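Just below is one structure, and these are the notes that go with it.
2 protein chains.
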Amino acid sequence: MEQIKSYIEANKERFFEELFGLIRIPSISSMEEHKPDMEKCAQYWHKLLLEAGVDKCEVMPTKGGNPVVYAEKTIAPNKPTVLVYGHYDVMPIDPIDLWNTKPFEAEIKDGKIWARGADDDKGQSFMHAKAFEFMVKTNQLPCNVKFMLEGEEEIGSEHLYGFCQDHKDMLKADIILVSDTSMIAPNIPSITTGLRGLSYWEVKVTGANRDLHSGLYGGAVANPINTLCKLIAQMIDENGHITIPHFYDDVLVVSDYERSLMAQAPFDLDKYKKELNIDDVCGEKGYSTTERTGIRPSFDVCGIWGGYTGEGAKTVIPSEAHAKISTRLVPNQDFNKIGKQFSAYLKSIAPASVKVEVEFLHGGDCYVCPIDMPAYKAAEKAFETTYGKKPIPTRSGGSIPIIAGFDKILKTKAILMGFGLGSDAIHSPNENYPLEQFFKGIETIPYFYKYFAEMMA
Amino acid sequence: MEQIKSYIEANKERFFEELFGLIRIPSISSMEEHKPDMEKCAQYWHKLLLEAGVDKCEVMPTKGGNPVVYAEKTIAPNKPTVLVYGHYDVMPIDPIDLWNTKPFEAEIKDGKIWARGADDDKGQSFMHAKAFEFMVKTNQLPCNVKFMLEGEEEIGSEHLYGFCQDHKDMLKADIILVSDTSMIAPNIPSITTGLRGLSYWEVKVTGANRDLHSGLYGGAVANPINTLCKLIAQMIDENGHITIPHFYDDVLVVSDYERSLMAQAPFDLDKYKKELNIDDVCGEKGYSTTERTGIRPSFDVCGIWGGYTGEGAKTVIPSEAHAKISTRLVPNQDFNKIGKQFSAYLKSIAPASVKVEVEFLHGGDCYVCPIDMPAYKAAEKAFETTYGKKPIPTRSGGSIPIIAGFDKILKTKAILMGFGLGSDAIHSPNENYPLEQFFKGIETIPYFYKYFAEMMA
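Residue numbers (our numbering), protein chains in the order written: chain W, 11 to 467; chain L, 11 to 467.
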């Protein structure tokens with residue numbers, strides 16, 4: 011097993027070449043114009059996995075969405091099976107002018123790979139292909155392996171739910187292995203045991219039937235931007251509580267004991283503020299920064315637009331104002347229920363002088379991973395082997411809605427062995443993935459297979 | 011004098027041709043890319059005025075801004091002098107997809123001219139050129155006339171103040187005549203006796219030094235959009251009062267008697283709401299709709315942007331959020347003072363978790379016209395002649411900051427004989443100017459000259 015280090019060393023130039031080819035395909039799932047790139051990216055994975063040593067691989071259609079790449083390698087029917095899940099789609103790249111490199115032309119600089127998808131999730135899922143390749147080539151694979159790569163994770167995995175429903179047998183596994191999260195620091199391994207859910211909406215506020223002159227009408231007719239701001243402002247009170255009625259009704263209260271355990275994870279607030287260049291953090295009263303993102307819901311406007319946004323001054327009361335709004339949810343909040351509560355509340359507080367429309371864009375439930383299951387123990391031991399210390403269980407503020415879906419549809423738990431770092435700027439300009447994390451990931455994954463197979467034997 | 015009607019009839023096709031040529035030049039003053047169109051438009055006016063019969067005309071540079079077109083026709087030094095002021099610049103045309111015609115290709119349809127500038131102010135100032143042409147050609151001009159057309163009215167006339175300062179003698183006149191406002195209705199003539207001032211700013215709220223993943227940071231780090239909305243929401247209280255400290259300190263209180271006179275102007279709230287397709291109006295408590303735009307200040311966000319505004323859902327906490335904000339001011343508010351108050355207040359209520367910047371974009375003071383001066387009486391009589399009824403004095407909610415500037419620098423009052431209508435959609439898509447208003451304007455203006463010369467004799 012220790013040959014993995016020399017295998018990486020001997021093959022790393024080829025690894026980069028293959029990964030950079032994957033990154034070069036601009037597979038932005040939220041943009042219609044990149045539709046052909048989704049197919050291209052799936053085909054690229056098809057080739058990657060066949061070369062890595064799977065028995066068979068297929069690019070499979072979903073009902074109306076982007077294709078899924080499915081592959082498998084069977085050792086023996088009585089051996090345990092690991093299903094590796096990842097996604098080949100990426101986030102949009104704007105604001106483009108803030109990038110220091112070309113987003114789809116990966117560059118290695120300062121010990122990091124810089125590109126959209128370098129971490130999320132092309133870099134991280136690629137580690138699995140290479141760890142698997144090593145185990146096959148050196149005849150050390152101790153269990154059956156399946157791969158499933160989807161192309162809609164960044165837009166809510168809409169069509170993967172149906173795909174899972176339709177292929178329950180094919181996807182049967184003892185555990186789902188995922189690298190799409192991050193760890194505390196390069197020298198502090200951690201395993202994500204919780205993910206927030208989310209509900210994402212687009213809001214449109216309409217005032218008059220046309221843009222109005224702000225002098226002739228200002229002060230007498232509702233301004234949809236002023237109104238939208240007022241509505242948004244009312245969603246969070248002075249204690250950082252979300253004001254939507256019944257919003258917290260289903261929130262699973264985390265015990266003081268559990269909170270005290272979580273508080274042991276190292277966190278340096280000064281460093282955090284310095285790294286983000288902010289003078290202060292803010293959030294819900296009575297909770298720490300880690301708790302605010304880990305165990306509490308949040309309400310964020312992800313985008314807002316309306317009126318004149320060009321050069322100079324235009325005096326206008328626009329006819330419309332828009333916002334994209336996301337809430338992150340925690341166990342046991344239901345994203346559909348929350349969506350209905352939000353929409354009803356927003357409309358109830360809107361003045362008669364405007365019309366308000368809410369469109370549901372996407373959503374997903376949260377996930378909690380039990381730390382006493384064999385897969386968790388195997389992952390823990392794998393990290394211990396390569397890092398020399400036990401990983402800390404952490405709750406991530408992010409969402410991978412389909413993970414809760416797997417639990418529900420396939421009745422299979424997932425283990426989240428993420429090798430990203432908080433500073434990787436995923437979803438932002440200048441996304442990057444440190445080489446150290448990339449190599450350490452490829453090195454650690456084979457041990458997971460080894461220990462998991464031993465524990466399940 | 012009555013020949014004016016037949017003169018219009020005989021020449022209207024030529025008038026349209028000339029006006030449409032003027033409209034065809036996209037002289038949007040707020041956009042750098044249209045810089046060459048400003049010069050082109052000034053040259054077009056130069057030709058128009060020479061052909062209309064001025065003694066001399068010159069395109070004169072301003073110090074750093076768009077050129078001014080100046081022309082004059084002297085009858086006799088001892089005769090009174092009227093200075094006609096107008097502007098050849100127009101507003102931007104976005105949102106472009108809401109236009110039913112090409113903004114710069116004027117079309118006549120349903121008895122109206124449809125185009126950017128059809129009313130504001132190409133159509134209205136063009137009426138003066140044609141009324142003047144008629145008087146010259148028929149040898150009826152009873153006074154000296156000067157023309158001044160500027161190219162920066164829509165962006166605050168920044169360089170016209172200095173131009174006036176530098177050319178006080180050249181611009182000497184007994185009255186300044188302006189058509190850049192509107193009247194109550196086609197059959198209810200009115201003269202604008204008051205204009206609101208304005209102060210216009212751009213606000214930038216900065217949170218973290220980069221866009222953040224809304225899952226990993228949501229709830230713990232300030233979201234600049236949420237914060238901007240909260241700041242804007244705090245600017246107006248539940249009674250529609252602007253909350254900036256000392257904002258109302260200098261507001262000239264309008265007496266109950268004056269308010270009762272103003273209330274006599276016909277206003278149909280149901281029609282107003284129907285025409286705008288709104289269920290309700292809104293504004294400052296204790297004031298009517300007409301008062302809210304006429305004698306009270308207002309606070310409007312003219313544009314807002316930040317975060318992801320593209321297709322689909324991107325879960326991001328943006329680094330920045332922006333807004334363009336305008337307040338309309340009433341006598342005796344000072345736009346510079348208000349700007350400082352706004353900036354100080356905004357910064358004082360901003361949380362430590364963000365940085366706030368305020369940039370002043372433009373501003374201007376308000377104007378009030380005394381209704382006992384000869385020019386007002388002459389205008390009143392001119393309207394009576396062509397409309398068969400006395401015009402009503404009204405206060406407009408709009409701003410023409412340079413009108414207050416003329417008063418201050420040139421010590422010359424202005425008379426606002428506007429022929430626009432509230433439904434002309436100036437500053438909006440589908441700007442239009444009814445032919446009836448256009449012709450009635452050309453017909454009425456010569457009578458102003460006649461009566462003004464008689465009264466000043």
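Glycine is no exception: its CB is placed at the ideal position from the N, C-alpha and C atoms.
Keep in mind that this is a model prediction, so the values were computed, not measured.
What span of residues does the alpha helix (DSSP H) with residue i cover, start to end?
i      : result
I348/W : 345–359
D131/L : Here D131/L belongs to no alpha helix (DSSP H), and DSSP marks it neither H nor E.
T454/W : 445–466
L238/W : 234–243
C67/W  : Not the alpha helix (DSSP H): C67/W falls in the beta strand (DSSP E), residues 66–70.
I7/W   : There is no way to answer for residue 7/W, as the model of chain W reaches only from 11 to 467.
L60/L  : 45–62
Can you confirm whether residue i, when its beta carbon is compared against all beta carbons of chain W, has any partner nearer than 8 angstroms?
i      : result
T299/L : yes
I327/L : yes
T404/L : no
V311/L : yes
P444/L : no
K83/L  : no
V291/L : yes
M41/L  : yes
N287/L : yes
Y210/L : yes
A20/L  : no
R338/L : yes
G432/L : yes
R206/L : yes
R306/L : yes
E453/L : no
I314/L : yes
For residue i, which residues in chain L fall below 9 angstroms Cβ to Cβ?
i      : result
T203/W : By Cβ distance, chain L contributes nothing, its closest Cβ being about 15 angstroms from T203/W, past 9 angstroms.
Hey, quick one: how far does the beta strand (DSSP E) through residue i stretch, first residue to last?
i      : result
W211/L : 207–216
C312/L : 308–317
G415/W : Here G415/W belongs to no beta strand (DSSP E); instead the alpha helix (DSSP H) covers 411–419.
G96/W  : 91–97
Y80/W  : 78–83
P403/L : 402–406
G373/L : 365–374
L187/W : 185–188
Output, in chain order, the set of chain L residues within a Cβ distance shorter than 8 angstroms of residue i.
i      : result
P102/W : Y318, G320, K324
P439/W : R220, D221
N233/W : D310, V311
Starting from residue i, find everything on chain L with Cβ-Cβ shorter than 7 angstroms and list it in chain order.
i      : result
R126/W : Here the premise fails: no neighbours, minimum Cβ distance about 12 angstroms.
Report yes or no: is there a C-beta of chain L within less than 8 angstroms of the C-beta of residue i?
i      : result
H97/W  : no
G428/W : no
V263/W : no
Y227/W : yes
G217/W : yes
N346/W : no
G74/W  : no
A331/W : yes
E162/W : no
On the DSSP bridge list, what partners appear for residue i?
i      : result
A6/W   : The shown model of chain W, from 11 to 467, leaves out residue 6/W, and the question about it has no answer.
A331/W : V215/W, G316/W
K122/W : K119/W, P444/W
H158/L : Rather than His, the amino acid found at residue 158/L in this sequence is Met. M158/L is bridged to Y80/L, Y95/L.
Residues of chain W with a CB under 8 angstroms from the CB of residue i: which are they?
i      : result
D260/L : Chain W residues near D260/L: none, gap ~17 angstroms exceeds 8 angstroms.
G374/L : Here the premise fails: no neighbours, minimum Cβ distance about 11 angstroms.
K334/L : G317, Y318, T319, A323, K324
Going along chain W, which residues have a C-beta under 7 angstroms from residue i?
i      : result
T303/L : L226, Y227, G228, G229, A230
A435/L : R220
Any C-beta of chain L within less than 9 angstroms: which residues of the segment 235–258 of chain W qualify?
I235, N236, T237, L238, C239, K240, L241, I242, A243, Q244, M245, I246, G250
Proximal residues, the segment 350–372 of chain L versus chain W, C-beta separation under 7 angstroms:
P361, A362, S363, L371, H372
According to a CB-to-CB cut-off of less than 8 angstroms, which residues of the segment 398–424 of chain W neighbour chain L?
S406, G407, G408, S409
Quick one, which residues of the segment 166–188 of chain L are near chain W if we go by CB-CB under 8 angstroms, in chain order?
G166
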